[in-house]
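The opening residue of the sequence shown carries number 491 in my numbering; numbering runs sequentially from there.
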Amino acid sequence: MADHFNQFDEDKRKLVVRGDIKQWNQLLAETARDAGVITTEEFAIFQNAGYMGLYGGRTVDDIHDKKELEVGQKILDYM
491 MADHFNQFDE DKRKLVVRGD IKQWNQLLAE TARDAGVITT EEFAIFQNAG
541 YMGLYGGRTV DDIHDKKELE VGQKILDYM
């Protein structure tokens, strides 16, 4: 499988990885819900904490600013 993946061009590899991340995020969201993260506000706080862990304390807004992302652009598409 890895050999097949490595034969893809960079754009195709990004699409494959992004699809994988999407599936893992859906599982993470289900797990968070099972753990009591229910409301939209709670989930936003939960996700922001995850980004802060990945980006050295930067919030979602900080990351958007640093990467100069437009409204609607997703951080995961620009990692």
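Note that the Cβ used here is the ideal one computed from N, Cα and C, for glycine as well.
Rounded to the nearest angstrom, what separates Gly-476 and Gln-537 at their Cα positions? Residue 476 lies beyond the stretch modelled for the chain, which goes from 491 to 569, so this question has no answer here.
When the Cα atoms are used, what is the spatial distance from Gly-562 to Phe-498? Along the sequence shown, one-based indexing puts residue 562 at 72. Along the sequence shown, one-based indexing puts residue 498 at 8. In a straight line, the C-alpha of Gly-562 is about 28 angstroms away from that of Phe-498.
Run through DSSP, which three-state label would Ile-528 get? Locating residue 528 in the sequence shown gives position 38, where the first residue counts as 1. Looking at Ile-528 - three-state DSSP - the assignment turns out to be coil, as it is neither helix nor strand.
In this structure, how does DSSP classify Lys-502 when only helix, strand and coil are distinguished? The count along the sequence shown starts at 1 and reaches residue 502 at position 12. Residue state, collapsed to three classes: helix.
Would Ile-565 pass as a contact of Tyr-541 if the rule is Cβ separation under 8 angstroms? Translated into the one-based positions of the sequence shown, residue 565 becomes position 75. Translated into the one-based positions of the sequence shown, residue 541 becomes position 51. It is a contact, given that the beta carbons lie within the stated cut-off.
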